[in-house]
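See below for the structure under consideration.
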Ligand code: NAD
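In the working numbering, the protein residues as written are 265 to 752.
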């Protein structure tokens, strides 16, 4: 549907009227188009009144020209893709950039390269004009108001944060900003305090040859498996900004998000992300330690944690005892902050213990298998749920990797099953057997280990006559007969 608009622009006391036709009815879309239209005519103006018939639709001030409405997102992984799709759903004009051509081609064809509930459906709905995947960084930056960096920041063998991707991306952005002034750069990747200013900003200044750009750090708190929902409805948006004007621009980008903004310095924003993830890792490990103890005494740790969480100072989330945490965030972030502390000669006894505890926790599942079967050499073991948690195909640091490694060390034959993560796990374990359905993995198994509780695995009839070792509360049962829970 074409909207026929009349735009009256006042600049230096002179008013001029224009007729404009804009397709579509979304208000944000209309704003983007209006901004483009006004910017094509004026560098500066006082007010613009936009009418549809006689109805005043918008009164715009000059701030619309500096408001970032089109955004390039560098890195189209879990965070970049979801941020891009989420912001496009809220009316921002998004160009998603990646160096991985395959990924970009898939997204161009509206096929999500990752599995996340709701992502595929939303991706299919986004019009080309609003969501453009590309490998052309230059074009993306030159045609956007702001660039969000969401490249990976994994950790090295020694735990240190690996800033390789971030440095490379920053240099590339800098080269392009040589010919552009006033751009806003937002770091969304998780980075240790000081990185945005000392690495990203520095690299951009070096390659751009000027510092006429703005920088901010906006950490992302989404959980894989619930990522779309977490991005669209965050508990808070933390804004680490150089000055209030930059913070206001970020607020504009997220203005449709009904949430609290927490504005702080860049370094504080960087640290908030590490403190949040470490806190959650502490909660999980705390519940696991109590779980191990409760099992030894014969007390239900879930009941204990329900009781604990009735205290208003303690929230029940992340207190489910089980086989420990994995994923692309908690392990590497706990590692990176421990490494940083070590460099600063600051002790992190709490985080050190969590790290040690979490690496041992999944091994308990294998010990329990040995308790039931004796030696595992030559035994068939079904490992169900390979992703680090249900709802994702991400296997990075999945507890299933520790379990499978232990089983292989002991000479067991492993039959893995996961509804979506098989292809990713094959890259780590190409030689174990994979089943297309849980029944197939279970059929010849001497024992079944449930590592990640996908809904299609939570059916008791699947395990009839089999010993089932439960790592994640697949069933609300107590250890008895052929059923054994890791902490219950
Ligand atoms: P990812 O590995 O899934 O995606 C990173 C993407 O960046 C890849 O597609 C890669 O090809 C691309 N890339 C690398 N260098 C590039 C370059 N120079 N130009 C363009 N693209 C480039 O990573 P992720 O899981 O999305 O994590 C990204 C960041 O967000 C990390 O810092 C992570 O710690 C943080 N984070 C992740 C999560 C999560 O749940 N995955 C949650 C919050 C924060």
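No residue lacks a Cβ here, since even glycine has one placed at the ideal position from N, Cα and C. As the structure is a prediction and not an experimental result, all values here were calculated from the model.
Practice task
Taking residue 673 as the reference, give the member of 681, 658 and 634 with the closest Cα.
Solution key: Residue 634 holds the alpha-carbon nearest to the alpha-carbon of residue 673 among 681, 658 and 634.
Exercise for the section: Write down every uninterrupted run of the beta strand (DSSP E) in the segment 636-672 whose length is 3 residues or greater and which is fully enclosed by it, in chain order. Expected result: Considered as a whole, the segment 636-672 harbours 644-648 as its complete beta strand (DSSP E) runs of no fewer than 3 residues, in chain order.
Exercise for the section: May I have the straight-line CA-CA distance separating residue 665 from residue 328, to the nearest angstrom? Expected result: Rounded to the nearest angstrom, the two C-alpha atoms are 50 Å apart.
Handout entry: Uninterrupted alpha helix (DSSP H) stretches inside the segment 446-523 (no shorter than 4 residues)
Key = Correct list: 466-472, 491-496 and 508-517.
Problem - Any non-hydrogen atom of the ligand NAD closer than 6 Å to residue 417 Cβ - result: Because some heavy atom of the ligand NAD lies under 6 Å away, the Cβ of residue 417 counts as near it: yes.
Problem - Reduced DSSP secondary structure (H/G/I, E/B, other) of residue 554 - result: Residue state, collapsed to three classes: helix.
Exercise for the section: Buried or exposed for residue 276, please, with buried defined as at least 16 other CB atoms from any protein chain shown within 10 angstroms of its CB. Expected result: Exposed: under 16 other Cβ atoms inside 10 Å.
Handout entry: Where residue 373 sits in the DSSP three-state scheme
Key = It is coil, neither helix nor strand.
Practice task
Give the DSSP-derived three-state secondary structure of residue 774 in the structure shown.
Solution key: Given a span of 265 to 752 for the chain in the structure shown, any question on residue 774 remains unanswerable.
Problem - Sequence-distant residues of the same chain with beta carbon closer than 8 Å to residue 411, five excluded per side - result: Cβ neighbours of residue 411 within its own chain (closer than 8 Å, five residues either side excluded): 335, 336, 337, 338, 404, 405, 437, 447, 448, 449 and 450.
Exercise for the section: Measure the Cβ-Cβ separation of residue 670 and residue 627 and say whether it is below 7 Å. Expected result: Contact flag set, yes.
Exercise for the section: Out of 293, 423 and 297, point me to the one whose CA is closest to residue 785's CA. Expected result: The displayed coordinates of the chain run from 265 to 752. Any statement about residue 785 would go beyond what the structure contains.
Problem - Helix, strand or coil at residue 592 according to DSSP, with G and I counted as helix - result: The answer is coil: DSSP assigns residue 592 none of H, G, I, E or B.
Exercise for the section: Leaving out five residues on either side along the sequence, give the residues of the same chain with a beta carbon under 8 Å from the beta carbon of residue 265. Expected result: The answer, listed in chain order, is 287, 288 and 289.
Handout entry: Identity of the residue in 575, 599, 552 and 649 nearest residue 621 by Cα
Key = Measuring from the Cα of residue 621, the nearest candidate turns out to be 552.
Problem - residue 352, DSSP secondary structure in three states - result: Three-state DSSP puts residue 352 in a helix.
Problem - Residue closest to residue 477, alpha-carbon to alpha-carbon, out of 499, 443 and 487 - result: Taking only the C-alpha atoms, the option nearest residue 477 is 443.
Problem - Distance between residue 346 and residue 599 (C-alpha atoms, nearest Å) - result: Their backbone Cα atoms lie some 25 Å apart in a straight line.
Exercise for the section: Measure the Cβ-Cβ separation of residue 397 and residue 358 and say whether it is below 7 Å. Expected result: No; because the gap between Cβ atoms is not below 7 Å, this pair is not in contact.
Handout entry: 6 Å CB neighbourhood of residue 632 in its chain, flanking five on each side removed
Key = These residues qualify, in order along the chain: 733 and 748.
Exercise for the section: Please classify residue 342: does DSSP put it in a helix, a strand, or coil? Expected result: In the three-state reduction of the DSSP assignment, residue 342 falls in the helix class, which pools H, G and I.
Problem - Contact check, residue 419 vs residue 555, beta carbons under 7 Å - result: Residue 419 is not a Cβ neighbour of residue 555, given a cutoff of 7 Å.
Exercise for the section: Kindly indicate if chain C contains any beta-carbon less than 7 Å away from that of residue 413. Expected result: Annotation note: the requested chain C is absent from the structure, which comprises a single protein chain.
Practice task
Evaluate contact between the segment 707-720 and the segment 641-659, counting only Cβ atoms and requiring at least three cross-stretch pairs below 8 Å.
Solution key: Yes, since at least three Cβ pairs between the segment 707-720 and the segment 641-659 fall closer than 8 Å, the two stretches touch.
Handout entry: Cβ shell of residue 439 (< 6 Å), same chain only, five flanking positions each side left out
Key = Correct list, in chain order: 471.
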